[in-house]
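K.L.:
If you're matching positions, the sequence shown starts at 1 in UniProt numbering and goes up one per residue. Think of the CB as a built atom: it goes at the ideal place given N, C-alpha and C, for glycine as much as any other residue. Note that the coordinates shown come from a computational prediction; the quantities given were computed from them, not determined experimentally.
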Amino acid sequence: MRRTGAPRQIWPDEFARRYLDAGHWTDETLPGFFRARAEAHPDRIAVATAEGRHSYAEIDARSDAVAAGLRAAGLEPGDRIVLQLPNIAEFFTAMFGAMRAGLIPVYALPAHRRSEIVHFVQGSDARAFITCDRAVGYDHRVLAREVRAEVGDLPVFVVGEAEEFGSFAALEAGEPERFDDPDPASVAFLQLSGGSTGLSKLIPRTHRDYVYTLRESARICELSADSVYLGTLPIAHNFPMSSPGTLGTFYAGGTVSLALSPSPDAAFAAIERDRVTITGVVPPIAILWSRAAPTTRFDLSSLEVLQVGGARFAPEAARQVEPALGVTLQQVYGMAEGLVNYTRLDDPEEVRVNTQGRPISADDELRIVDLRGEPVADGEAGELLTRGPYTIRRYHADADTNARAFTAEGFYRTGDLVSRTPEGNLVVRGRVSDVINRGGEKIPVEEVENHLIGHAQVVDAVLVPIPDPLLGERSCAVVIADDPAPAARELRAWIRERGVAGFKVPDQFVFVDAFPSTGVGKIDRRDLRAALKRTLHDPE
Ligand code: J2J
Numbered sequence: 001m002r003r004t005g006a007p008r009q010i011w012p013d014e015f016a017r018r019y020l021d022a023g024h025w026t027d028e029t030l031p032g033f034f035r036a037r038a039e040a041h042p043d044r045i046a047v048a049t050a051e052g053r054h055s056y057a058e059i060d061a062r063s064d065a066v067a068a069g070l071r072a073a074g075l076e077p078g079d080r081i082v083l084q085l086p087n088i089a090e091f092f093t094a095m096f097g098a099m100r101a102g103l104i105p106v107y108a109l110p111a112h113r114r115s116e117i118v119h120f121v122q123g124s125d126a127r128a129f130i131t132c133d134r135a136v137g138y139d140h141r142v143l144a145r146e147v148r149a150e151v152g153d154l155p156v157f158v159v160g161e162a163e164e165f166g167s168f169a170a171l172e173a174g175e176p177e178r179f180d181d182p183d184p185a186s187v188a189f190l191q192l193s194g195g196s197t198g199l200s201k202l203i204p205r206t207h208r209d210y211v212y213t214l215r216e217s218a219r220i221c222e223l224s225a226d227s228v229y230l231g232t233l234p235i236a237h238n239f240p241m242s243s244p245g246t247l248g249t250f251y252a253g254g255t256v257s258l259a260l261s262p263s264p265d266a267a268f269a270a271i272e273r274d275r276v277t278i279t280g281v282v283p284p285i286a287i288l289w290s291r292a293a294p295t296t297r298f299d300l301s302s303l304e305v306l307q308v309g310g311a312r313f314a315p316e317a318a319r320q321v322e323p324a325l326g327v328t329l330q331q332v333y334g335m336a337e338g339l340v341n342y343t344r345l346d347d348p349e350e351v352r353v354n355t356q357g358r359p360i361s362a363d364d365e366l367r368i369v370d371l372r373g374e375p376v377a378d379g380e381a382g383e384l385l386t387r388g389p390y391t392i393r394r395y396h397a398d399a400d401t402n403a404r405a406f407t408a409e410g411f412y413r414t415g416d417l418v419s420r421t422p423e424g425n426l427v428v429r430g431r432v433s434d435v436i437n438r439g440g441e442k443i444p445v446e447e448v449e450n451h452l453i454g455h456a457q458v459v460d461a462v463l464v465p466i467p468d469p470l471l472g473e474r475s476c477a478v479v480i481a482d483d484p485a486p487a488a489r490e491l492r493a494w495i496r497e498r499g500v501a502g503f504k505v506p507d508q509f510v511f512v513d514a515f516p517s518t519g520v521g522k523i524d525r526r527d528l529r530a531a532l533k534r535t536l537h538d539p540e
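#1: Any idea if Arg297 is buried or exposed, counting beta-carbon neighbours within 10 angstroms, 16 or more meaning buried?
#2: Should Arg393 be labelled buried (16 or more other beta-carbon atoms within 10 Å of its own) or exposed?
#3: Give me the Cα-Cα distance between Leu30 and Glu449, rounded to the nearest whole angstrom.
#4: Hey, quick one: how far does the alpha helix (DSSP H) through Tyr390 stretch, first residue to last?
#5: Can you determine whether any heavy atom of the ligand J2J sits closer than 7 Å to the C-beta of Thr414, and answer yes or no?
#6: Taking the alpha-carbon positions, what's the Ala531 to Asp468 distance?
#7: Going by the DSSP bridge assignment, what does Gln330 pair with across the sheet?
#8: Pick out the complete alpha helix (DSSP H) segments inside the region 39-117, 4 residues or longer, and give them in chain order.
#9: Less than 7 Å between the CB of Gly439 and some heavy atom of the ligand J2J, yes or no?
#10: Would Arg178 pass as a contact of Asp64 if the rule is Cβ separation under 8 Å?
#11: Taking all protein chains shown into account, do 16 or more other C-beta atoms lie within 10 angstroms of the C-beta of Ser115, making it buried, or fewer, making it exposed?
#12: Could you check whether the Cβ of Asn402 sits closer than 7 Å to any heavy atom belonging to the ligand J2J?
#13: Here's the rule: buried if 16 or more other CB atoms are within 10 angstroms of the residue's CB, otherwise exposed. What is Thr407?
#14: Identify, in the order they occur along the chain, each residue of the same chain with its Cβ nearer than 6 Å to the Cβ of Arg413, setting aside the five sequence neighbours on each side.
#15: By alpha-carbon positions, which one of Arg100, Ala94, Ala111 ends up nearest to Phe129?
#16: What does the alpha-carbon distance come out to for the pair Ala16 and Pro389?
#17: Taking 7 Å as the cut-off, does the CB of Lys201 come closer than this to any heavy atom belonging to the ligand J2J?
#18: Buried or exposed: which applies to Glu540, given that a residue is buried once 16 or more other Cβ atoms fall within 10 Å of its Cβ?
#19: Can you tell me which of the three DSSP states Glu28 falls into?
#20: With 16 other CB atoms within 10 Å as the buried threshold, where does Gly194 fall?
#21: For Tyr138, which beta-bridge partners are listed by DSSP?
#22: Under the rule that 16 or more other beta-carbon atoms within 10 Å means buried, what is Thr295, buried or exposed?
#23: Any heavy atom of the ligand J2J closer than 7 Å to the Cβ of Lys442?
#24: Val500: buried (16+ other C-beta within 10 angstroms of its C-beta) or exposed?
#25: Do you know whose CA, among Leu329, Glu316, Ala318, lies nearest Thr279's CA?
#26: What residues match up with Gly472 in a beta bridge as DSSP calls it?
#27: Whose CA, out of Glu172, Pro42, Thr26, Gly52, lies closest to the CA of Arg71?
#28: Between Ala293 and Tyr107, what straight-line distance do the alpha-carbon atoms span, to the nearest angstrom?
#29: Of the choices Asp416, Asp209, Arg367, whose alpha-carbon is the least far from that of Gly424?
#30: Select from Asp43, Leu463, Leu247 the residue whose C-alpha is nearest the C-alpha of Val479.
#31: Decide if Pro506 is buried, meaning its Cβ has at least 16 other Cβ atoms within 10 Å, or exposed.
#32: Leaving out five residues on either side along the sequence, give the residues of the same chain with a beta carbon under 6 Å from the beta carbon of Pro12.
#33: Going by beta carbon distance, what residues of the same chain come within less than 6 Å of Asn437, once the five residues before and after it are set aside?
#34: Cα-Cα, which of Ala399, Leu83, Gly137 is closest to Val156?
Pasting the structure below:
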């Protein structure tokens, strides 16, 4: 039987009522609000790239054509569709087009490869895949063929030279058609989790909860129709999509400028070209920009706000941003599962530099707890648990993870170790979960360990973080191998062959004869990781 994706309510009734009564949730949908903007100001520029400028009316009409084309191709309301596109205008026509056809996009990053895309297709039971011909020197049609070889005959649409696949340009060039707006309570898309241990979990976000974050984020970040937001991180990621990101900018009626990479050259050129006023980056990029800005030939004078988030931003680096770039620094601590915290633009410098801000909503409930789940004393560090009007209560079709990731009362266990200042700002101190945060790119350690253990000469492997001055953390694989041990080069090639995103390939390898004893009879991988981390950080 074909699953329709009929919305099983995510929040219990009493909470849904509370968020509706508070006015947080409205009947606006993602494609619906974009349509309203296109009708209010059809000629205003929605998307600007190095290739051209596209009005709200144009993106709106092209999305309607994509919707009609996807329906004509046999896709039905409720079907999932995996979307893997770089920072190009078609990202939005594909996304809004799919939603207007009643489909549910599943976002993938351009760096994802076979193993991840197959996991997303299978995990969401997707009926189609949209990708591009080439991006950053990689041919995504090769990937599409590999995916098809594993999952069967999946319809694929390609932006650019489509070869044997469906042409996305042909979809966009078709006759536009208008379908009913989706139900605002329904799931709008499946977002990817960066915070989990195993393979990425799929996060069901509804129109209501997401539009709420866009509206409030646009207000907190003081966006207006004059704002120009630069999408320079991969725009499928939750931070550049919604905090306030590209969609928050559309919500405010502003312009989204796109750069294909966050390198100073590509991003600074876009800032000058489109007179960008605000953008969001991860800490290593903020550090590179702070170093490059004083001598750049590009005019960055339009930039007012630089948001930094996705990983811990060291205060010493944070302090350099404002003088180097002539901007206001805004720290953003968020997660695709929901909760987003911002420092406010008028916070004192000490708050902007030293903290990761406070939540969007007065109805965001935060608990900071110790290992037993008891609240810690004021100012102490503990694991952050949260629930609220835009934080999910469960992952898509993953009962085991749900039992672990949420408390009985519906709080999401963030896995982050945080403390709170007397003024109510959060400071992220570390993590209790096993994820390596490589400059904002999240590496699920178990997934990489499993790939390594799959190698014939590897007996066991543990992936641990190593401090890194630019990335914050890089990854180190500690491997027990048969004699002779395979070369690190060979293991890297092995991981790549398994079809894994490049950022998950271990930065370093260490070969050992045995793992340290963790003092417990049964080998607990988390204890083992912690013990190895200690030995690597403090070698005697
Ligand atoms: C320390 N750690 C941070 C920060 C995220 C806005 C901003 C970021 C994300 C994101 C997002 C951090 N300091 N400022 O979705 O809307 C780590 C935490 C968190 C995990 C979530 C948004 N900002 N982190 O990064 O789902 O460990 O979302 O739990 O990719 O990143 O990762 P992700």
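P.N.:
According to the data block:
#1: exposed
#2: By the neighbour-count rule (16 or more Cβ atoms within 10 Å), Arg393 is buried.
#3: 38 Å
#4: Careful: Tyr390 lies outside any alpha helix (DSSP H) and carries neither H nor E.
#5: Distance from the C-beta of Thr414 to the nearest heavy atom of the ligand J2J is below 7 Å.
#6: If you take the alpha carbons of Ala531 and Asp468, they lie about 19 Å apart.
#7: The partner list for Gln330 (beta bridge, DSSP) reads Gln307.
#8: 56-72, 90-100
#9: no
#10: yes
#11: Classification of Ser115: buried, given that the 10 Å Cβ count is 16 or more.
#12: Judged by the Cβ position, Asn402 fails to qualify as a neighbour of the ligand J2J at the 7 Å threshold, every heavy atom of the ligand being at least this far.
#13: exposed
#14: Leu385, Ala405
#15: Ala94
#16: 8 Å
#17: no
#18: Because the pLDDT of Glu540 is 46, which lies under 50, any placement of that residue in the model is unreliable, and the question is left without a value.
#19: Annotated three-state conformation of Glu28 is coil, per DSSP.
#20: In the assembly as shown, Gly194 is a buried residue. Its beta-carbon has 16 or more other beta-carbons within 10 Å.
#21: Ala135
#22: exposed
#23: Yes, the beta carbon of Lys442 sits closer than 7 Å to at least one heavy atom of the ligand J2J.
#24: buried
#25: Leu329
#26: Beta-bridge partners assigned by DSSP to Gly472: Asp468.
#27: Glu172
#28: 32 Å
#29: Arg367
#30: The shortest C-alpha separation from Val479 is found at Leu463.
#31: buried
#32: none
#33: The answer, listed in chain order, is Ala311, Glu473.
#34: Of the listed residues, the one whose Cα sits closest to Val156 is Leu83.
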